[in-house]
Structure formats: structure tokens, C-alpha cells
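Inspection log for the structure reproduced underneath, given as C-alpha cells.
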């Protein structure tokens, strides 16, 4: 009798432990699912200081081209979209940890990133640009060799600087946001900033007294932005690609580009 009681108690403890562990696992799931098993919400990570792709408006709302795009995708999919502001260099980790379902943050599709996440079809073509003071002796990428260069940590601009100067070069100044890199440049702490050309263009347009100009080196290749999902979520990726295809065909993406990029 006592042996049976011990087995019963042990079994009950195992069941309780299973329930607790199952509950913990569910907390990592971000997308909501209906009783019919259909997805009803996706949680999107972005870094909201990268105008015109994502930033906060005067009311504190996260807005921009990427945000309008992912909301349009959510509408096509019939799901709610929740956007969370996350540091750029933490986005992929947040995706892998299950804190978000999608990254929509002007993220370039690279071979290195494709080792850990899956990307949608490309939705935007960009190129890196060097931002320098007007009249600077920096006219090409080769001129950056002995200069102090500002970049946003975790971006392809940061990788370009590392390729040009060396990964451990102390002249590379990595900032948590591109705005901080530009502000550092304005006060003379860095000689140049490397970032996506549309971001550089909008910063200069919004700061006409910054006395900055843009250089696109002939060695810089085109880059393509994609939406990132976990490798374990091919169903979501397929739905995103299907929605992107529809939005491209019906002119929505072109309209969003005109609204945010003026092209």
C-alpha cells in the first residue's frame, strides 16, 4: 500500500512538473492562435530610430515604411500586428528566443544572417553611403583608412567599416543608434558615418545646417532588405511572401515607397 502511494505521489509530481514546463514553453510563443488553430497575431521587432524605415512620431507611435509594410502584410494575412522596439543588434537573438515572430527593421539579407534566420523575398534595394562634412578630403572609401568612422552596431554599415579598416580598428566607433553616430559627427568626434543611403539622405534633409554630404563609393554593392523569421516557422514565411507578392502586384509597396521615400 505504501509503495503504491509513493508511486502515485511521484506520478502526480511528474504531471505537475510537466504542466509547469509546458506553461513556461508557451510563454515564449508570441503569435496568438485561435481555437481553430489559425494565427491571429504576430509580434514584430524593429529598432525605431532608423528614419524613414522606422521611427517614433511626435505622439510616440512607431511609424515608417517598414511599419506600414508589415501592417499591410498583417491585413493581407488577417492577423493583428504588434510592434516592439528592440535594439538592432538584439533583434535576431529576440527572434530566436521567441520574444518576437518577425523582424521588420531595414535588415539586409546576408549569408551570415541566413545561417540563423530565414528571410522573406527582398522588398527594398539599398546601398551603403559615406557621410562626410562638406569639403572633406574624404572622397572615396579608400580615404577612410586613417579616419574615425561612426557606424550603428550590428548593421552592414558596421561590417563595411570593418572590411575597410579591420575588425578591431580603434578608429571604428560603434553606436547603439544611427542618430547617435550622426550627432557624434556633427560635434566632430568622428570624421565619417557609414549607413544606408536613404537614411543618410533623410538625415541631411531634416538637418540642413549639418553641413554634411553623401558619397557612394563605386565599390559598394547593392543590398536587399528582407523580413526575418525563425527557421522553424516556414508556414509564417510562406504567408509573408504570399502577402508581399500581392502588395507588389496591387501597387501598395510602390505607394508606400512614394509616401516614405519620395520615389
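Residue numbers (mature numbering (1 follows the signal peptide of the UniProt record, and there is no 0)): -28 to -1, 1 to 235.
Here a beta-carbon is modelled for each residue, glycine too, at the ideal position from N, C-alpha and C.
These numbers come from a predicted model, not from an experiment.
Tell me where the alpha helix (DSSP H) around residue 227 begins and ends.
Segment 224 to 233, the alpha helix (DSSP H) holding residue 227.
Using the Cα positions of residue 73 and residue 38, report the straight-line distance between them to the nearest angstrom.
Between the C-alpha atoms of residue 73 and residue 38 there is a straight-line separation of about 15 angstroms.
Between which two residues does the beta strand (DSSP E) containing residue 105 stretch?
Element bounds for residue 105: 100 to 105.
Does DSSP classify residue -22 as helix, strand or coil?
Confidence in residue -22 is poor, its pLDDT being 41 and thus under 50, which makes the residue's placement unreliable; the coordinate value appears in the next sentence. When secondary structure is reduced to three states using DSSP, residue -22 falls in the helix class.
Considering Cα atoms alone, identify which of 113, 122, 51, 230 is closest to residue 159.
Distance check between residue 159 and each of 113, 122, 51, 230 places 122 closest, using alpha-carbon atoms only.
How would you call residue 83, buried or exposed, if buried means at least 16 neighbouring beta carbons within 10 angstroms?
Burial call: exposed.
Cβ of residue 149 within 7 angstroms of Cβ of residue 21?
Taking 7 angstroms as the Cβ cut-off, residue 149 and residue 21 qualify as a contacting pair.
Which stretch, first to last residue, makes up the alpha helix (DSSP H) that contains residue 175?
Segment 169 to 178, the alpha helix (DSSP H) holding residue 175.
Sequence-distant residues of the same chain with beta carbon closer than 7 angstroms to residue 228, five excluded per side:
So the qualifying residues of the chain are 37, 40, 41.
Sequence-distant residues of its chain with Cβ nearer than 7 angstroms to residue 133 (five each side left out):
Answer for residue 133: 121, 123, 144, 166, listed in chain order.
Per DSSP, what kind of secondary structure is residue 192 in: helix, strand or coil?
Taken through DSSP and simplified to helix, strand or coil, residue 192 comes out as coil.
Should residue 130 be labelled buried (16 or more other beta-carbon atoms within 10 Å of its own) or exposed?
Flag for residue 130 reads buried.
Measure the CB-CB distance between residue 194 and residue 89 and report whether it falls below 7 angstroms.
One thing to note: residue 194 has its Cβ no nearer than 7 angstroms to the Cβ of residue 89.
Taking DSSP's pairing of strands, which residues face residue 80 in a bridge?
Answer is 197, bridged to residue 80.
Let me confirm a value: residue 139 is counted as buried when at least 16 other C-beta atoms fall within 10 Å, else exposed. Which label applies?
Burial call: exposed.
With distances taken from CA atoms, which of 117, 183, 128, 29 is nearest residue 79?
Selected option, being the one with the closest Cα: 128.
Measuring CB to CB, does residue 196 end up less than 7 angstroms from residue 97?
Yes, they are a contact pair.
With DSSP run on the structure shown, which of helix, strand or coil describes residue 164?
If DSSP states are grouped into helix, strand and coil, residue 164 belongs with the strands.
Go to residue 31, then tell me how far its beta strand (DSSP E) extends in each direction, as first and last residue.
Careful: residue 31 lies outside any beta strand (DSSP E) and carries neither H nor E.
Three-state secondary structure (DSSP) at residue 21?
Looking at residue 21 - three-state DSSP - the assignment turns out to be strand.
Same chain, Cβ closer than 7 angstroms to residue 67, neighbours up to 5 away in sequence not counted:
Closer than 7 angstroms at Cβ, skipping near neighbours: 17, 75, 89, 200, 202.
Short of 6 angstroms in beta carbon distance, which residues of its chain neighbour residue 219, apart from the five on each side in sequence? Order them along the chain.
Non-local beta-carbon contacts of residue 219 in its own chain, meaning distances under 6 angstroms to residues more than five positions away in sequence, involve 44, 225 in chain order.
By Cβ distance below 6 angstroms, which residues in the same chain neighbour residue 207 in space, the five residues on each side in sequence not counted?
Same-chain partners within the cutoff: there are none.
Delimiting residues of the beta strand (DSSP E) encompassing residue 122:
First-last of the beta strand (DSSP E) with residue 122: 121 to 124.
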